[in-house]
Amino acid sequence: VDLGSLSLTGHDGILITVWLGISIMVFSFNFSPIVSSFVVSKREEYEKDFGRDFTERKCSQIISRASMLMVAVVMFFAFSCLFTLSPANMAEAKAQNIPVLSYLANHFASMTGTKTTFAITLEYAASIIALVAIFKSFFGHYLGTLEGLNGLVLKFGYKGDKTKVSLGKLNTISMIFIMGSTWVVAYANPNILDLIEAMGAPIIASLLCLLPMYAIRKAPSLAKYRGRLDNVFVTVI
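Take the sequence shown: its position 190, counted from the start at 1, is 198 in our numbering, and no numbers get skipped.
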(Lines of atoms letter the chains of each structure in order from A and count residues from 1; the text may use other names and numbers.)
(Lines give C-alpha, C1' and ligand atoms only; values in the text may rest on other atoms or scores of the structure.)
Protein backbone atom coordinates (compact mmCIF):
# COMPACT_ATOMS: atom_id res chain seq x y z
CA VAL A 1 0.00 0.00 0.00
CA ASP A 2 1.37 3.43 -1.00
CA LEU A 3 0.85 5.53 2.12
CA GLY A 4 1.74 8.66 0.18
CA SER A 5 -1.35 8.22 -2.00
CA LEU A 6 -3.68 8.21 0.99
CA SER A 7 -5.60 11.40 1.68
CA LEU A 8 -7.06 12.42 5.02
CA THR A 9 -9.68 14.78 3.61
CA GLY A 10 -11.58 15.14 0.36
CA HIS A 11 -14.25 13.04 -1.34
CA ASP A 12 -12.14 9.87 -1.21
CA GLY A 13 -10.33 10.78 2.01
CA ILE A 14 -9.98 8.53 5.02
CA LEU A 15 -12.27 10.66 7.21
CA ILE A 16 -15.16 10.55 4.71
CA THR A 17 -14.65 6.83 4.11
CA VAL A 18 -14.66 6.05 7.83
CA TRP A 19 -17.68 8.29 8.40
CA LEU A 20 -19.68 6.54 5.66
CA GLY A 21 -18.38 3.19 6.88
CA ILE A 22 -19.89 3.76 10.33
CA SER A 23 -23.38 4.14 8.87
CA ILE A 24 -22.91 1.04 6.70
CA MET A 25 -21.76 -0.96 9.75
CA VAL A 26 -24.82 0.23 11.68
CA PHE A 27 -26.99 -0.98 8.81
CA SER A 28 -25.14 -4.30 8.58
CA PHE A 29 -25.68 -5.07 12.26
CA ASN A 30 -29.20 -3.66 12.41
CA PHE A 31 -31.88 -6.01 13.76
CA SER A 32 -34.26 -3.35 15.09
CA PRO A 33 -37.31 -4.54 13.06
CA ILE A 34 -37.43 -7.81 15.00
CA VAL A 35 -36.89 -6.26 18.44
CA SER A 36 -40.55 -5.38 18.94
CA SER A 37 -41.75 -8.92 18.21
CA PHE A 38 -38.92 -10.30 20.34
CA VAL A 39 -39.87 -8.15 23.35
CA VAL A 40 -43.55 -9.06 23.02
CA SER A 41 -42.62 -12.75 22.95
CA LYS A 42 -40.38 -12.47 26.02
CA ARG A 43 -42.97 -10.48 27.95
CA GLU A 44 -45.47 -13.26 27.35
CA GLU A 45 -42.87 -15.80 28.46
CA TYR A 46 -41.43 -14.13 31.58
CA GLU A 47 -43.42 -11.11 32.79
CA LYS A 48 -46.33 -12.95 34.37
CA ASP A 49 -44.12 -15.23 36.47
CA PHE A 50 -41.03 -13.07 37.11
CA GLY A 51 -42.13 -9.46 36.75
CA ARG A 52 -41.33 -6.57 34.42
CA ASP A 53 -37.84 -5.78 35.77
CA PHE A 54 -36.65 -9.37 35.31
CA THR A 55 -38.08 -9.40 31.77
CA GLU A 56 -36.21 -6.20 30.88
CA ARG A 57 -32.94 -7.57 32.23
CA LYS A 58 -33.47 -10.87 30.40
CA CYS A 59 -34.17 -9.10 27.10
CA SER A 60 -31.08 -6.91 27.52
CA GLN A 61 -28.96 -9.97 28.30
CA ILE A 62 -30.19 -11.90 25.26
CA ILE A 63 -29.74 -8.91 22.91
CA SER A 64 -26.26 -8.19 24.30
CA ARG A 65 -25.03 -11.76 23.82
CA ALA A 66 -26.65 -12.09 20.41
CA SER A 67 -25.08 -8.79 19.30
CA MET A 68 -21.59 -9.88 20.36
CA LEU A 69 -21.98 -13.22 18.57
CA MET A 70 -23.29 -11.53 15.43
CA VAL A 71 -20.49 -8.95 15.36
CA ALA A 72 -17.82 -11.64 15.89
CA VAL A 73 -19.15 -13.85 13.08
CA VAL A 74 -19.68 -11.01 10.60
CA MET A 75 -16.31 -9.38 11.28
CA PHE A 76 -14.54 -12.75 10.97
CA PHE A 77 -16.19 -13.25 7.58
CA ALA A 78 -15.44 -9.67 6.49
CA PHE A 79 -11.76 -9.81 7.46
CA SER A 80 -11.42 -13.23 5.80
CA CYS A 81 -12.68 -11.74 2.54
CA LEU A 82 -10.42 -8.69 2.87
CA PHE A 83 -7.35 -10.86 3.38
CA THR A 84 -8.31 -13.11 0.46
CA LEU A 85 -9.12 -10.49 -2.20
CA SER A 86 -7.28 -7.41 -3.42
CA PRO A 87 -8.95 -3.97 -3.66
CA ALA A 88 -9.28 -4.51 -7.41
CA ASN A 89 -11.06 -7.83 -6.83
CA MET A 90 -13.42 -6.20 -4.33
CA ALA A 91 -14.22 -3.42 -6.82
CA GLU A 92 -14.90 -6.02 -9.53
CA ALA A 93 -17.23 -7.98 -7.23
CA LYS A 94 -19.08 -4.75 -6.43
CA ALA A 95 -19.37 -3.91 -10.14
CA GLN A 96 -20.79 -7.38 -10.86
CA ASN A 97 -23.27 -6.94 -7.96
CA ILE A 98 -22.82 -10.53 -6.77
CA PRO A 99 -22.13 -12.03 -3.31
CA VAL A 100 -18.47 -12.22 -2.41
CA LEU A 101 -18.58 -16.03 -2.14
CA SER A 102 -19.87 -16.26 -5.71
CA TYR A 103 -17.04 -14.00 -6.82
CA LEU A 104 -14.51 -16.13 -4.94
CA ALA A 105 -15.79 -19.26 -6.70
CA ASN A 106 -15.47 -17.58 -10.12
CA HIS A 107 -12.10 -16.10 -9.16
CA PHE A 108 -10.49 -19.41 -8.20
CA ALA A 109 -12.06 -21.15 -11.20
CA SER A 110 -10.56 -18.54 -13.56
CA MET A 111 -7.13 -18.94 -11.93
CA THR A 112 -6.97 -22.66 -12.74
CA GLY A 113 -8.93 -22.58 -15.99
CA THR A 114 -11.24 -25.32 -14.69
CA LYS A 115 -13.61 -25.63 -11.79
CA THR A 116 -11.75 -27.35 -8.99
CA THR A 117 -13.44 -29.09 -6.08
CA PHE A 118 -12.73 -26.02 -3.96
CA ALA A 119 -14.33 -23.68 -6.51
CA ILE A 120 -17.39 -25.93 -6.86
CA THR A 121 -17.72 -26.12 -3.06
CA LEU A 122 -17.55 -22.32 -2.83
CA GLU A 123 -20.13 -21.98 -5.60
CA TYR A 124 -22.67 -24.22 -3.85
CA ALA A 125 -21.82 -22.78 -0.43
CA ALA A 126 -22.41 -19.27 -1.78
CA SER A 127 -25.89 -20.21 -2.99
CA ILE A 128 -26.83 -21.96 0.26
CA ILE A 129 -25.44 -19.20 2.52
CA ALA A 130 -27.08 -16.49 0.41
CA LEU A 131 -30.43 -18.31 0.52
CA VAL A 132 -30.28 -18.78 4.30
CA ALA A 133 -29.22 -15.15 4.79
CA ILE A 134 -32.02 -13.88 2.56
CA PHE A 135 -34.67 -15.92 4.38
CA LYS A 136 -33.32 -14.92 7.80
CA SER A 137 -33.02 -11.27 6.90
CA PHE A 138 -36.39 -11.19 5.15
CA PHE A 139 -38.37 -12.71 7.99
CA GLY A 140 -36.49 -10.64 10.57
CA HIS A 141 -37.32 -7.42 8.76
CA TYR A 142 -40.68 -8.64 7.47
CA LEU A 143 -42.18 -9.19 10.92
CA GLY A 144 -41.17 -5.73 12.10
CA THR A 145 -42.23 -4.07 8.85
CA LEU A 146 -45.58 -5.86 8.91
CA GLU A 147 -46.22 -4.74 12.48
CA GLY A 148 -45.23 -1.14 11.74
CA LEU A 149 -47.17 -0.96 8.49
CA ASN A 150 -50.26 -2.39 10.19
CA GLY A 151 -50.00 0.42 12.73
CA LEU A 152 -49.71 3.07 10.00
CA VAL A 153 -52.66 1.69 8.02
CA LEU A 154 -54.74 1.48 11.19
CA LYS A 155 -53.84 5.02 12.26
CA PHE A 156 -54.24 6.85 8.96
CA GLY A 157 -56.72 4.60 7.16
CA TYR A 158 -59.06 3.75 10.01
CA LYS A 159 -58.35 6.61 12.48
CA GLY A 160 -56.88 4.16 14.98
CA ASP A 161 -60.20 2.32 15.45
CA LYS A 162 -59.40 -1.40 15.64
CA THR A 163 -63.10 -2.29 15.44
CA LYS A 164 -63.33 -1.06 11.83
CA VAL A 165 -60.92 -3.61 10.39
CA SER A 166 -59.87 -7.16 11.17
CA LEU A 167 -56.28 -8.21 11.76
CA GLY A 168 -56.48 -10.49 8.72
CA LYS A 169 -57.43 -7.59 6.45
CA LEU A 170 -54.67 -5.42 7.91
CA ASN A 171 -52.12 -8.17 7.28
CA THR A 172 -53.38 -8.63 3.70
CA ILE A 173 -53.06 -4.92 2.88
CA SER A 174 -49.59 -4.73 4.39
CA MET A 175 -48.39 -7.95 2.75
CA ILE A 176 -49.53 -6.79 -0.71
CA PHE A 177 -47.59 -3.54 -0.28
CA ILE A 178 -44.48 -5.27 1.10
CA MET A 179 -44.38 -7.98 -1.56
CA GLY A 180 -45.13 -5.49 -4.36
CA SER A 181 -42.38 -3.08 -3.35
CA THR A 182 -39.94 -5.97 -2.81
CA TRP A 183 -40.57 -7.34 -6.31
CA VAL A 184 -40.11 -3.87 -7.85
CA VAL A 185 -36.73 -3.43 -6.14
CA ALA A 186 -35.67 -6.97 -7.09
CA TYR A 187 -36.62 -6.30 -10.73
CA ALA A 188 -34.71 -3.00 -10.76
CA ASN A 189 -31.69 -4.84 -9.26
CA PRO A 190 -29.84 -1.77 -7.94
CA ASN A 191 -26.29 -2.06 -6.66
CA ILE A 192 -26.90 -2.98 -3.04
CA LEU A 193 -23.74 -1.33 -1.67
CA ASP A 194 -24.49 1.97 -3.43
CA LEU A 195 -28.09 1.78 -2.23
CA ILE A 196 -27.01 1.19 1.37
CA GLU A 197 -24.37 3.93 1.24
CA ALA A 198 -26.61 6.54 -0.40
CA MET A 199 -29.97 5.90 1.27
CA GLY A 200 -30.33 2.97 3.61
CA ALA A 201 -27.43 3.44 5.98
CA PRO A 202 -27.87 7.17 6.75
CA ILE A 203 -31.61 6.76 7.28
CA ILE A 204 -31.21 3.67 9.46
CA ALA A 205 -28.38 5.28 11.41
CA SER A 206 -30.55 8.34 12.07
CA LEU A 207 -33.47 6.20 13.20
CA LEU A 208 -31.34 3.94 15.39
CA CYS A 209 -29.26 6.72 16.96
CA LEU A 210 -31.31 9.93 17.00
CA LEU A 211 -34.86 8.65 17.39
CA PRO A 212 -34.13 6.66 20.59
CA MET A 213 -32.33 9.69 22.07
CA TYR A 214 -35.37 11.85 21.30
CA ALA A 215 -37.67 9.27 22.87
CA ILE A 216 -35.50 9.09 26.00
CA ARG A 217 -35.68 12.88 26.23
CA LYS A 218 -39.45 13.14 25.77
CA ALA A 219 -41.07 9.88 26.94
CA PRO A 220 -41.75 9.70 30.71
CA SER A 221 -41.42 5.91 30.71
CA LEU A 222 -37.80 6.25 29.51
CA ALA A 223 -36.81 8.93 32.02
CA LYS A 224 -34.53 6.51 33.89
CA TYR A 225 -32.19 6.43 30.88
CA ARG A 226 -31.63 10.21 30.80
CA GLY A 227 -28.37 11.91 31.75
CA ARG A 228 -26.07 9.04 30.73
CA LEU A 229 -22.77 9.61 28.96
CA ASP A 230 -23.47 6.94 26.35
CA ASN A 231 -26.49 9.00 25.21
CA VAL A 232 -24.12 11.84 24.31
CA PHE A 233 -21.82 9.41 22.47
CA VAL A 234 -24.70 7.94 20.43
CA THR A 235 -26.03 11.41 19.54
CA VAL A 236 -22.61 12.65 18.37
CA ILE A 237 -21.98 9.53 16.27
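Each residue gets a CB set at the ideal place from its N, CA and C atoms; glycine is no exception.
Remember, predicted model here, so these are calculated numbers, not experimental data.
- In the DSSP assignment, Ser75 falls within the unbroken alpha helix (DSSP H) covering 60 to 92.
- Fewer than three Cβ pairs drawn from the segment 138 to 156 and the segment 167 to 175 lie within less than 8 Å of each other, which leaves the two stretches out of contact.
- Taking a C-beta distance under 8 Å as the contact criterion, Leu112 and Leu130 qualify as a contact pair.
- Secondary structure note for Val47: its alpha helix (DSSP H) is the uninterrupted segment 40 to 50.
- Between Gly152 and Ser68, the beta carbon gap of about 19 Å keeps them out of contact (Cβ cut-off 8 Å).
- A contact between stretches requires three or more CB pairs, one per stretch, nearer than 8 Å, and the segment 156 to 163 meets this requirement with the segment 177 to 185.
- Looking at Met33, Tyr132, Arg225, Ile71, the one whose alpha-carbon comes closest to that of Ser110 is Tyr132.
- DSSP places Glu131 inside the alpha helix (DSSP H), whose first and last residues are 125 to 165.
- Three or more pairs of CB atoms, one per stretch, sit closer than 8 Å, so the segment 68 to 85 contacts the segment 36 to 43.
- Here Leu216 is actually not in contact with Ala223; their C-beta atoms are around 12 Å apart, not less than 8 Å.
- When the Cα atoms are used, Ser75 and Pro41 turn out to be separated by approximately 14 Å.
- Membership of Asp169 in any alpha helix (DSSP H) is not indicated, and neither H nor E is assigned to it by DSSP.
- In the displayed model, Ile106 falls within coil according to three-state DSSP, outside both helix and strand.
- Where Phe37 is concerned, there is no enclosing alpha helix (DSSP H), because DSSP gives it neither an H nor an E.
- When DSSP states are grouped into helix, strand and coil, Ser174 belongs to the coil group.
- Cβ neighbours of Tyr166 within its own chain (closer than 7 Å, five residues either side excluded): Lys172, Val173.
- Of the candidates Ile137, Lys177, Asn114, Asn114 places its Cα closest to the Cα of Ile128.
- The criterion of a C-beta distance shorter than 8 Å is satisfied by Thr243 and Met221.
- Distance check between Asn97 and each of Phe116, Ile200, Phe85, Phe84 places Phe116 closest, using alpha-carbon atoms only.
- Shown here, Pro220 sits in a helix according to DSSP, grouped into three states.
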